[in-house]
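Single-structure report; data block below.
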Amino acid sequence: MTLETDISCLRQVPLFRSLPLPRLKLVALMGEKLRFDPGTQIIAEGETPEGVFVVLQGELEISHGGANGEGPRLPLHTGSLVGDVPLLSGRSYVGAITAKTAVVALRLPKDLFFELLETIPDFSLALTRDLASRLYRLADRTLHAEKVH
Numbered sequence: 135m136t137l138e139t140d141i142s143c144l145r146q147v148p149l150f151r152s153l154p155l156p157r158l159k160l161v162a163l164m165g166e167k168l169r170f171d172p173g174t175q176i177i178a179e180g181e182t183p184e185g186v187f188v189v190l191q192g193e194l195e196i197s198h199g200g201a202n203g204e205g206p207r208l209p210l211h212t213g214s215l216v217g218d219v220p221l222l223s224g225r226s227y228v229g230a231i232t233a234k235t236a237v238v239a240l241r242l243p244k245d246l247f248f249e250l251l252e253t254i255p256d257f258s259l260a261l262t263r264d265l266a267s268r269l270y271r272l273a274d275r276t277l278h279a280e281k282v283h
């Protein structure tokens, strides 16, 4: 991908739509573009976050293996942000993150991520809305997954 393609991909992610072009270029240039083959474990459960991943293409899965290796799984698609919650909360990853398909991701170092939050109010607001939306979906999924007797 070229810089223009990277910027175009970032513009498709709601979190980055409001960034001014110079900041978007900075994100694209300072981010580390990574490619993962299907089945590659990207992050281990319990790992400490050093940055945030933006999924530019592909699908990831968060999983927590039980005693038999089969546990809950949560899919993450193109446009997903990964690592922001543990980074903001000062905690480690609650599950392993694996590429389900071929994945292209942009890894933003934590210093850049925090700089964006501190200097661009629209970015902070977009992240707040994204986090609230994910929390709502999680609560909805959890509450409606319970069986009513």
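In our numbering, the protein residues as written are 135 to 283.
Where is the CB? At the ideal position from N, CA and C, for every residue including glycine.
Quantities reported herein were computed from a predicted structural model and do not represent experimental measurements.
Quick one: grab the DSSP three-state call for Ala120.
Residue 120 cannot be examined here, being either before or after the span of the chain that is shown, 135 to 283.
Where does Leu277 land, buried or exposed, given buried means 16+ other C-beta within 10 angstroms?
The residue in question, Leu277, is exposed, as its Cβ has fewer than 16 Cβ neighbours within 10 Å.
Using 8 Å as the Cβ pair cut-off and three pairs as the minimum, do the region 250-257 and the region 144-157 touch?
Because the criterion of three Cβ pairs below 8 Å is met, the region 250-257 and the region 144-157 touch.
Report buried or exposed for Leu137, applying the criterion of at least 16 other Cβ atoms within 10 angstroms of its Cβ.
Exposed: under 16 other Cβ atoms inside 10 Å.
On a Cα-Cα basis, can you pick out the residue from Arg275, Pro156 and Ser214 that is closest to Val238?
For Val238, the nearest C-alpha among the options comes from Ser214.
If you draw a straight line from the alpha carbon of Tyr227 to that of Leu155, how long is it in whole angstroms?
Going by the C-alpha atoms only, they are around 31 Å apart.
Count the other C-beta atoms from every protein chain shown that fall within 10 angstroms of the C-beta of Pro206, then say buried if there are 16 or more, exposed otherwise.
Per the 10 Å Cβ criterion, exposed.
Which same chain residues end up closer than 8 Å to Ala162 when comparing Cβ atoms and leaving out the 5 residues on each side of it in sequence?
Here the set comprises Leu137, Asp140, Ile141, Leu144 and Leu240.
Compare the beta carbon distance of Thr182 and Pro243 with 9 Å and say whether it is the shorter of the two.
No.
When burial is assigned at 16 or more other CB atoms within 10 Å of the CB, is Leu261 buried or exposed?
Per the 10 Å Cβ criterion, buried.
Nearest to Gln191 by alpha carbon, out of Lys167, Arg157 and Ala279?
The residue with the shortest Cα to Cα distance from Gln191 is Lys167.
Express the C-alpha separation of Ala273 and Val189 in angstroms, rounding to a whole number.
Each residue's Cα considered, the two are about 23 Å apart.
Alpha carbon to alpha carbon, how far is His198 from Gly229? Give it in angstroms, no decimals.
Rounded to the nearest angstrom, the two C-alpha atoms are 5 Å apart.
Alpha carbon to alpha carbon, what distance is there between Leu246 and Leu160?
Distance between the alpha carbons of Leu160 and Leu246: 9 Å.
Between the C-alpha atoms of Arg263 and Thr235, what's the straight-line distance to the nearest angstrom?
Approximately 27 Å between the Cα atoms of the pair.
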